[in-house]
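Each residue of the sequence shown is one higher than the one before, counting from 43 in my numbering.
Glycine included, C-beta positions come from ideal geometry on N, C-alpha and C.
Here the structure is a predicted model, which is why all the values come from computation and not from measurement.
Here is the structure we will look at, set down as structure tokens.
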Amino acid sequence: MANSEYEYVKREFEFDRHLLASNWIVVRIDGCHFHRFSKLHAFEKPNDESALRLMNACATSMLEKFPDIVFAYGVSDEYSFVFREETEFYQRRESKILSLCVSYFTSVYVMKWKDFFPNNDLREPPYFDGRVVCYPNMKTIRDYLAWRQVDCHINNQYNTCFWMLVKSGKTEKEAQQTLKGTFSKDKNELLLQQFQVNYNDEPAMFRKGSSVYRDKVKRKVKTDNYGNTIERTQMAITVSNFDIIGPEFWEKHQYILREVKYRYEYVKKFDNIPSIPCSNWTVVRISACQFDQFSLIHSFDKPNDETALRLMNASASLMMEQFPDIIFCYGFSNEYSFVFQENTELYQRDERLILSSCSSCFTSFYVMKWKEYFPSKELVQPPHFKAEVLYYPKAKIICDYLSLRQLECHNRNQYNTCFWMLVKSGESEDKANEILKDTLSKDKNELLFQRFQMNYNNEPALFRKGSCVYRQKAGEFAEVEASGDVARERWDVTVAHVDMGQDFWRKHPYIFNR
């Protein structure tokens, strides 16, 4: 790929946004369309304990996976993850940290669903958006967490009253009117007088949310010669439902965050929203993390596992159905690029929400579709994807970007084909790398032909060219309206394995112009 005519696309348009040094990093994720999702899956109102415990299990897995997360706080369909101040996780690159967190959380959520809802099939892919905020000191971290717990109390108290009123016979509109303008003490009185419910007796998980952190616990490690138990203090991940607004919790757990005064009204001023520049084409590129390990654990064929690639393509096709503003996708191996229409207003062009929701939604589709493509293989490790957002001012540059990715597909696949043919023929992996060192494309073609009687150009186009996913006109149909029948077009999502040269774009001008 070096010195190719398309290389300027990476050099001039791809930049990493690094988060400020010496700042605490908070990643807050939030369920997308969870009102609909909870209704579809018949969650109990105002709180579904199983759903909350599933969220807590996902948060626990996050702390197990990422040691730099020192504390997590969650309520309803939201979770905040605090990274230690000095973390160098992904060199503090914002897009990588955000997309990886929402993707891994989503993956665990889908994989653990049956543990908490054994009799409730997952009927729609759950996915999450998120944002990253930097806070300069311990004080603001404490204030941020206090703000989230106050929000938990306000929302849960309102929802408890609202659903008690609805269950007693009021309409939702009447319940909203009854609660309009009420204060906290008014809601407490309403619950006690009308329903004999003392709000303070409600489960702490509902009222205070859930905190996940590493706690000091004593564990038996062995027994001495006299039968006495020998214990050691160890750090273990725990879930609690304590008050984290006041100082008591932090005084007992000073090893998590140092004690400082608390105040939480002003924390939102740190939450600046980066927006995608207007009249720019947006590309979200995702790629799987630790995919060599993942493919080894799940015994993927080398150099290409056709079933795994078709699973990626199926997930990309579903992305186009989920997000109508995606006009084109291109993928190979463990990566996919999603091109959004120039004037998309998805999430009001909030970069973080677009990036995180795409990463999360793709992960959800991938995990939910796994059994369809690998019916005899258990998913034993959560797949997760990092992502980045790129902006391009012209459609021509988008075409060059896609050509760059297809060239990368060719280079990688040609090398991997040679490498694995050599390994399968008896060469060690080190020897195979040595044989291929500094070889050109024509050298690899000759090696395959002379040593293995293989014509590289006869390999499946899926492997050599990658996969293009786009909408194609499938026909027309009539729709009845008051003014009479109106002709409508039907567009179906299609997957093709073709060169993305000028001929392709000439034959499909509607992709950018539709």
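Annotation for residue 296: no residue places its beta carbon closer than 7 Å to its own, counting only its chain and skipping 5 residues before and after.
Annotation: residue 456 to residue 486 spans about 7 Å, alpha carbon to alpha carbon. At a Cβ-Cβ threshold of 8 Å, residue 51 and residue 433 do not count as neighbours.
Only exposed fits residue 196, as fewer than 16 other CB atoms lie within 10 angstroms of its CB.
Residues 124, 125, 126, 255, 256, 298 and 299 of the same chain have their beta carbon placed closer than 8 Å to that of residue 112, with the five preceding and five following residues left out of the count. For residue 542, the secondary structure class from DSSP, reduced to helix, strand or coil, is coil. In this structure the region 163-176 touches the region 400-413; the number of beta carbon pairs closer than 8 Å is three or more. In the DSSP assignment, residue 90 falls outside any beta strand (DSSP E) and carries neither an H nor an E. When the five nearest sequence neighbours on each side are left out, the beta carbons in the same chain lying within less than 7 Å of the beta carbon of residue 246 are those of 283, in order along the chain. In the structure shown, residue 432 adopts extended strand secondary structure according to DSSP, grouped into three states. Counting every other CB atom within 10 Å of its CB across the protein chains shown gives residue 548 a total below 16, marking it as exposed.
Taking a C-beta distance under 8 Å as the contact criterion, residue 156 and residue 100 do not qualify as a contact pair. Between the C-alpha atoms of residue 174 and residue 396 there is a straight-line separation of about 13 Å. Contact between residue 187 and residue 134 fails: their C-beta atoms lie close to 21 Å from each other, not under 8 Å.
With fewer than 16 other beta carbons inside 10 angstroms of its own, residue 338 counts as exposed. Exclusion of the five residues before and after residue 83 leaves 162 and 165 as the residues of its chain whose Cβ lies within less than 7 Å of its Cβ.
Per DSSP, residue 282 is one residue of the beta strand (DSSP E) stretching across 271-282.
In this chain, the beta strand (DSSP E) harbouring residue 111 covers 111-117. Distances from the alpha-carbon of residue 237 to those of 363, 115, 351 and 210 put 210 closest.
Sequence-distant partners of residue 232 (beyond 5 residues in either direction) whose C-beta falls short of 7 Å from its own C-beta, in its chain, are 203. For residue 389, same chain residues with a beta-carbon under 6 Å away, outside a window of 5 residues either side, are 395 and 396 in chain order. Residue pairing from DSSP places residue 325 in a beta bridge opposite 381 and 432. Fewer than three Cβ pairs drawn from the region 501-511 and the region 320-340 lie within less than 8 Å of each other, which leaves the two stretches out of contact.
Listed as beta-bridge partners of residue 330 by DSSP are 427. Taking 8 Å as the cut-off, the Cβ atoms of residue 342 and residue 145 do not count as close.
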